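Since the structure comes first, as structure tokens, the remarks are kept for the end.
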Amino acid sequence: MTDMIENCISNCWFSVLFNGKTIGYFHGSRGLRQGDPISPTLFIIAVEYLSRGLYNMFQRYPSLYYLVRCPVLVPHLAFADDIIFFFNGTKSSIKRITNFLVEYEQCSCQKVNSSKSGFILSARASLSRASVVGGALGFHRIRLPTKYLGMPLYRGPKKSFLWDDLISRIAARMEGWEAKVLLPGGCITILNSIFTSMPLYLLHVIVPPKSVMCRIERLFNKFLWSSKGQKRIHWECWEDLCYPVEEGGLGMRRLQDLVNAMSLKLWWRFRTVNNLWSNFMNCKYGYNSASFSGGASVHDSLIWKRLSKASHACEYLIRWKVGCGKINFWHDIWIDNSALYRYNPPIGESHLPVSFYWRSNAWYLDQVRSKIPNDIIDSLYLIDVCSTRVDHPLWSLTAHGGFTMYSAWNRMRQVSVRQLIFSKIWHASILLKMSFFIWRLINDFVPVDTRIQRKGICMVSKCYGSNDIESLEHLFLFCPTVSPVWNFFAAMFFISLLVDGSIKHWLSTWFFLGDYVFAGEDFPTFQAGLLKRRNWKGDMKMASFFGFQGNSVVAGGGGILRDWHGNVSFFFFLSLKAKSALHAQILTLYHGLNICKDRVIHRVWIEMDALSVINLVQNRCIGSWEVCYNLQGIYDCLYFFQFHLTHIYREGNQVADHLATLGSKAANLHIGSSLDDFSSLRGLIRTDKLNLPYFRHAFIYCGGLRSIEAIVFLFSLEVWFGSPPNCRRIEDNILLAQELVQLIDEKTRGSNVILKLDMMKAYDTIDWAFIIKIMRKFGFCSKMTDMIENCISNCWFSVLFNGETTGYFHGSRGLRQGDPISPTLFIIVAEYLSRGLYNMFQRYPSLHYLARCPVLVPHLAFADDIIIFSNASLSRASVVGGALGFHRIRLPTKYLGMPLYRGPKKSFLWDDLISRITARMEGWEVKVLSPGGRITILKSILTSMPLYLLHVIVPPKSECWEDLCYPVEEGGLGMRRLQDLVNAMSGASVHASPIWKRLSKAGRACENLIRWKVGCGKINFWHDIWVDDSALSSNRVDHPLWSLTAHGGFTMYSAWNRMRQVSGKIFQLFQARLVKRRNWKGDMKLASFFGCHYVLDQVYSPKMVRWIKPKEHCFKLNVDGSFQGNSAVAGGGGILRDWHGNVSFFFFLSLKAKSALHAQILTLYHGLNICKDRAIHRVWIEMDALSVINLVQNRCIGSWEVCYSLQGIYDCLNFFQFHLTHIYREGNQVADHLAALRSKAANLHIGSSLDDFPSLRGLIRTDKLNLPYFCHAFI
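Throughout, the numbering used here is defined as the position within the sequence shown, counted from one, plus 163.
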């Protein structure tokens, strides 16, 4: 490792940039390169030497320590290269420190920067003392306050000037934004995301004076209300804006609230984190939860005063999950909603930990039973005692129990009354500037005449539209120009408007009294879905549900367990003492698992509709304080089961829902299996057993013009425009157009004509009435078409004149580009054109383009680029042009960016591409690029630019750079030759619409590489390549397989690797199977014989590998296959052992395999079949073939030689409850040894006795005793 790192950091050369050119190279002798990923780690190692040296020196000379009157001594603090020493200022101490620094400089070659370093003395120190210390150290004196890690270090009371730097940075940042034209929504976003986050770093440590916070907040308020640096009216103070939007604010955060939240975070870290800072503060101030009163003395530090002030609010929010019991029994909150100290602890016991009341890993509460109520005593006995666990702190304001800044801020912030009207106006479907304007209307923050008069400015008021006074209500509600707009939309949505009232009352009427409103949401659309009980095999299925009524605090739970036939094994229901709905859900699941455990049921499928509980259990979260112990009980129970946990909608969980309702009325736990007394359950259980569906109604909300995604989703449900699922690619249009262009000279009456159309302003000129009419013809419902019509017709435009918007006018046609619904509507219009052309060509067959093919293509369309292939029925080009009104286009031309041409290839077709590549290179050539950078650019950018054209057109041959276009293993630079890419893409075109001249050339090479997996049997019996031992099934599809990949799918890399040029010398090694491209370790001598010299440093890292026993009532199958490539001899073997490690059976056999992968798959197939014959259902499969594991887990079809064996494995696995894992070869020694016994087996050998196989006994005994093997990993 050290030699490798030395080689990495010492191989460093530099050159000097002089007049834009690099001159010379010289070797570096020290230093780490910034930006190198390993440099930070190496720097930390070097600084660790400095840190440990200082620590040892202070341990050796205790007189060096800085006097802090605290047992926790801190000799220094270091963060990266910022280091602070705390030591005694005597001459001997200074001499030892300087000698140590000199020694460190000599060892590490690092130098202390004397100009930036300094020392801090007490303000009472004399000048002579300061000169002596400065002379000894060689540094200048630094006076407080100063900065460390960007934070001010100061002593004494807070000073306002410490914040001047932050205020100046905020003001400078604002000046850059104020010069720009910003909408109010942009100002709000910038304030929330940038400006209010700038003070956060300082607020973690320092509490600013109130005057400083007022200055910063005044800057924020000025930025919100001003425009282009001009002063305007501040309609509201900053404090009143700092409420959530639901409470009438703008969602800002007040600095005082952030300071209070940061104080809670500091106290949380002080109480729960074990680090140097918390230990120092704890020892210095002697914190004890039993005796701490929450006060601080005058002489305490400002940080401790801040912590003491926050302790009252924060300590009440911290809950503890008991582990080893070191928390305080009486003062910490760990069992109830408050500390047990309220029950008056016995004298002298208030400081005792929880573990004091344990005896032999059990609770001993006799001495406190008289003090604590019986219900709490009963709760204590439910907590498991475990001294190996850790006491875990929990934050009571979050469901997961972890501290979050948002929850702390939400607890400490100022609170106002929530108003539903504000949640409506700040909706995601409404533009932010519109929401801000409506907010100003509601709060009367608009400069109308009456509002300005109330500010004390005298003026005459008159509305321009009438003779009334210009008030807010008149201008926006009752003005003759405005009222028709309200009446129009009120009639559309069936809303009865008020005769008088404020804007807030009118908007409340609009949002909450319309007939279109359901359950307080906007424009709900019901989507009906079917829910069925999913089938399962071999498992017991348990469904659980809860019932919780928050008003009356009545909770109940219930569940049912059914077998794989749907028959009831048992059901239960009970009343619960739950504190929340989540608590009731978890308690119900806990009781259900315990009942299953008592009945010794091991395989369970758990299903419930509480997604929050599923997420908690699957992620093994600790949870909040009220559910943490129940969650721990669930985790302990789950170790007993083989389970999986899934979610179901509430409508599909009706049986458990009904049982939970019964549980809320029950006195005790009821468990039963007979339904005689529960007739209401029979129908629901019978519905599940017959797999009949339930219906779920899901809301899809379309609350505004921007909520178009829901409408687009509804399109996919209501209409299908005739395109097959595997629709064409853009290359298919180009290939087909190119093929038809070759037939333009076919002799026919009137001659063939190609009509190339381009729609002028395709989006902007579509008529809205035409769209709606077509949608109704396609069968869209009237509600959908009306909604679409309202969306697209509500379109207003303004003109930008001299940088300012002028006027608004209403649009009459066109679709807005960028609107999510516009492409779908455009496709509907294009579909009308496409179907019309198709019908016309069907009605008049003489229109068809003569292509001498039964498949007639009247037109091709891609977006607004359309080509029509027709018969002209006219003799001269001028007559055709005059009849159509178009000009004549001569070949070659372009279609979809590709040239359309006829006849031989022309070099000038590539001039445009060559010019683009040249222009791209010119931009890079002016820069200083290393050779490695040039190779990267060539591989990733420049050589990929021709790929789009290469799919369709084969370029002419010319001078090329053949010798560089080899892989690096063959002496090249890893480039790809264009001719190889052309050949590879010719192979790819087999699966698409072809150009026959190119396909016929690629057909021989490609057809031999395609294998077929037989399904319905439509492939050719004699000419297609398929395997003769396949099982035929008319329900399956014939599947093509690409023989060059392991997974059977086509890849461009495999096609290129097949068609590319190969270096002759290395190619001979590959053909002889003597050298592998990715593994040259064992071929040094052979490679050097052929002239390939290299040096390979080998470093081995040992790793322990163990064979692990399976869980109880589960079996473990280890298999391995072997294959000798030279002799083509293959074999396989495996062994099945139970949960004690005893042998159930082993097997080995000789195989007819074509590769090592094939041998591994065949061995696994035989092993699974033997397990299936012996009716073993729960199997843990383990093997060392990672490629086989990936194929099986991803359900790949595989290559042609293994596809049928893989299908057999998939069929077998449906019989098992299994999981498949990888083990290193060293841990799979038994199966490896059995695979080597293939020479003894003419047929399959199955046995369980080891008498004839003594060599296996030691290996099996090693696995049973859990002794390790050693795997040497190559580095």
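Note that the Cβ used here is the ideal one computed from N, Cα and C, for glycine as well. As the structure is a prediction and not an experimental result, all values here were calculated from the model.
Check                                                                                                                                                                                   : Outcome
Under three-state DSSP, which class holds Lys1057?                                                                                                                                      : strand
To the nearest angstrom, report how far apart Phe1311 and Arg1300 are at their CA atoms.                                                                                                : 15 angstroms
Among all the DSSP beta bridges, which residues are the ones paired with Asn491?                                                                                                        : Pro516
The beta strand (DSSP E) with Glu789 in it runs from where to where?                                                                                                                    : Here Glu789 belongs to no beta strand (DSSP E), and DSSP marks it neither H nor E.
Any idea what DSSP makes of Gln222, helix, strand or coil?                                                                                                                              : helix
Where does Ile498 fall in DSSP's three states?                                                                                                                                          : coil
Go ahead and pull the three-state DSSP assignment for Phe386.                                                                                                                           : helix
For Gly1330 versus Ala1398, is the C-beta distance shorter than 8 angstroms?                                                                                                            : no
Classify Cys1277 as helix, strand or coil using the three-state DSSP reduction.                                                                                                         : coil
How far does the alpha helix (DSSP H) with Gln817 in it extend, from its first residue to its last?                                                                                     : Gln817 to Gly826
For Ile1031 versus Leu899, is the C-beta distance shorter than 8 angstroms?                                                                                                             : no
Does DSSP put Leu1422 in a helix, in a strand, or in coil?                                                                                                                              : helix
Can you find at least 3 beta carbon pairs, one from the segment 770 to 779 and one from the segment 725 to 741, that sit closer than 8 angstroms?                                       : no
Using DSSP bridges, identify the partner residues of Met1267.                                                                                                                           : Phe1433
Decide if Asp1192 is buried, meaning its Cβ has at least 16 other Cβ atoms within 10 Å, or exposed.                                                                                     : Note that Asp1192 scores 41 on pLDDT, short of 50, meaning its location in the model is unreliable and no value can be drawn from it.
Report the rounded CA-to-CA distance for Leu382 versus Ala591, giving the unit in angstroms.                                                                                            : 28 angstroms
Once DSSP output is grouped into helix, strand and coil, what is the label at Pro647?                                                                                                   : helix
Report, in whole angstroms, the separation of the C-beta atoms of Gln1380 and Gln781, which I expect to be a contact under 8 angstroms.                                                 : At roughly 19 angstroms, the Cβ-Cβ gap does not stay under 8 angstroms, so Gln1380 and Gln781 are not in contact.
For the alpha helix (DSSP H) holding Ala1319, just list the boundary residues, first then last.                                                                                         : Ala1319 to Asp1336
Leaving aside the five residues before and after Ser1387 along the sequence, list all residues of the same chain whose C-beta is less than 7 angstroms from its C-beta, in chain order. : The displayed chain sequence assigns Tyr, not Ser, to residue 1387. Within the same chain, Tyr1387 has close Cβ partners Val1268, Asp1347 and Cys1434.
Considering only residues of the same chain and omitting the five flanking positions on each side of Ser441, which have a CB-CB separation below 6 angstroms?                           : Phe433
Taking buried to mean at least 16 other C-beta atoms within 10 Å of its own C-beta, is Phe599 buried or exposed?                                                                        : buried
Do the CB positions of Leu1320 and Val1351 come within less than 8 angstroms of each other?                                                                                             : yes
Could you tell me whether the Cβ atoms of Gly411 and Ser579 are closer together than 8 angstroms?                                                                                       : yes
Using a Cβ-Cβ cut-off of 7 angstroms (strictly less than) and excluding sequence neighbours within five positions of Trp1440, which residues of its own chain qualify?                  : Residue 1440 lies beyond the residue range present for the chain, which begins at 164 and ends at 1438; the question has no answer from this structure.
Are Phe492 and Leu528 touching if we call contact CB-CB under 8 angstroms?                                                                                                              : no
Taking the alpha carbon of Asn500 as the point to measure from, which residue in Gly511, Pro509, Leu545 and Glu478 has its own alpha carbon closest?                                    : Glu478
Taking the Cβ atom as the reference point for each residue, do Ala459 and Ser426 lie within a distance shorter than 8 angstroms?                                                        : no
Looking at the strands, I want to know which residues DSSP matches up with Val1306.                                                                                                     : Arg1300
Could you tell me the distance, in whole angstroms, from the CA atom of Asp166 to the CA atom of Met314?                                                                                : 41 angstroms
Would you check if the distance between the CB atom of Ser1418 and the CB atom of His1396 is smaller than 8 angstroms?                                                                  : yes
Is the beta carbon of Val776 closer than 8 angstroms to that of Leu739?                                                                                                                 : no
Any idea if Gly319 is buried or exposed, counting beta-carbon neighbours within 10 angstroms, 16 or more meaning buried?                                                                : exposed
Can you confirm whether Asn573, when its beta carbon is compared against all beta carbons of chain D, has any partner nearer than 8 angstroms?                                          : No chain D appears in the structure shown, which is made up of a single protein chain.
Assess contact between the segment 941 to 959 and the segment 974 to 991, defined as three or more Cβ pairs (one per stretch) separated by less than 8 angstroms. Is contact present?   : yes
Within the continuous beta strand (DSSP E) that includes Trp431, where are the two ends?                                                                                                : Run containing Trp431: none in the beta strand (DSSP E); it sits in the alpha helix (DSSP H), Leu418 to Thr435.
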